[in-house]
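With full-length UniProt numbering applied, the sequence shown corresponds to residues 1 to 178, in that order.
All C-beta atoms in this analysis are idealised placements derived from N, C-alpha and C, irrespective of residue type, glycine included.
Quick caveat, the model's predicted, so the values are computed rather than measured.
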Amino acid sequence: MTPFKSASQEVQAAALTLAESRGLQLDALRCRSDALLLLAAAALKCVEAEVTSSSPDVFAAAREARCLLRPHLPRLQQPAVVEATGGRAGSKRGRVTAAPGDAETGDGDLGQYSNTHAFDGDTKRRAKFTRLMGGRKGEESHHNTFAADDSTLKRINNDLEEQFNTALSRHGKKGLGA
Numbered sequence: 001m002t003p004f005k006s007a008s009q010e011v012q013a014a015a016l017t018l019a020e021s022r023g024l025q026l027d028a029l030r031c032r033s034d035a036l037l038l039l040a041a042a043a044l045k046c047v048e049a050e051v052t053s054s055s056p057d058v059f060a061a062a063r064e065a066r067c068l069l070r071p072h073l074p075r076l077q078q079p080a081v082v083e084a085t086g087g088r089a090g091s092k093r094g095r096v097t098a099a100p101g102d103a104e105t106g107d108g109d110l111g112q113y114s115n116t117h118a119f120d121g122d123t124k125r126r127a128k129f130t131r132l133m134g135g136r137k138g139e140e141s142h143h144n145t146f147a148a149d150d151s152t153l154k155r156i157n158n159d160l161e162e163q164f165n166t167a168l169s170r171h172g173k174k175g176l177g178a
């Protein structure tokens, strides 16, 4: 097989992969220019893969050209969402944050506190605790909500004892210029 044929097959395979990664079917391409743009981007990506270390100037030029092509590549068309209220899309009044009965159930992510007996079936206390812990925001918490295991607790305690002992030893040297 000639180098031209193998290179064209490689570019075609890369273009198919690029189209699939963008959620496109080959039949869904609107025009010939979309197919040519996909082929050009795939060819530039293949050039980048080939000449990474041998010639950095060619690599930089191919990367820059591919970055310039990226906004013009075809994408899967998302259907536009039209609000029933007729208002603008970003208005706060049109948004629904939570169902009215959902605020009192308190089913937020409580982590290690989800099975505690402190609430004793009191849904109002549980809902307040969930709200104060940030469980009603519709996103997962940014910190670890699970208790540490024994090895982690032992390591933390050893580190704290070591810091305490060094602080005590430095306290005894206070006033001696240390």
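Pairwise C-alpha distance: residue j and residue i
{"i": "Q9", "j": "S21", "result": "18 Å"}
{"i": "K5", "j": "D57", "result": "26 Å"}
{"i": "K128", "j": "D122", "result": "10 Å"}
{"i": "L38", "j": "T2", "result": "23 Å"}
{"i": "F146", "j": "K173", "result": "41 Å"}
{"i": "T166", "j": "M133", "result": "35 Å"}
{"i": "G61", "j": "E48", "result": "Sequence inspection shows Ala at residue 61; the Gly mentioned does not correspond to that position. Going from the Cα of A61 to the Cα of E48 covers about 9 Å."}
Buried versus exposed, by CB contacts within 10 Å (16 or more), residue i
{"i": "L160", "result": "exposed"}
{"i": "A15", "result": "buried"}
{"i": "T17", "result": "exposed"}
{"i": "T152", "result": "exposed"}
{"i": "D102", "result": "Confidence at D102 is low in this model, with a pLDDT of 47, below 50, so the placement of that residue should be treated as unreliable; the coordinate-derived value is given next. Exposed is the call here."}
DSSP state of residue i mapped onto helix, strand, coil
{"i": "P3", "result": "helix"}
{"i": "V51", "result": "coil"}
{"i": "A99", "result": "Only weak support exists for where A99 lies, its pLDDT of 47 falling under 50; the value from the coordinates is given anyway. Reduced to three states, the DSSP call for A99 is coil."}
{"i": "G106", "result": "With a pLDDT of only 47 at G106, under the threshold of 50, the placement of this residue in the model should not be trusted; the figure read from the coordinates follows. G106: coil per DSSP, three-state reduction."}
{"i": "A118", "result": "coil"}
{"i": "F129", "result": "helix"}
{"i": "K173", "result": "coil"}
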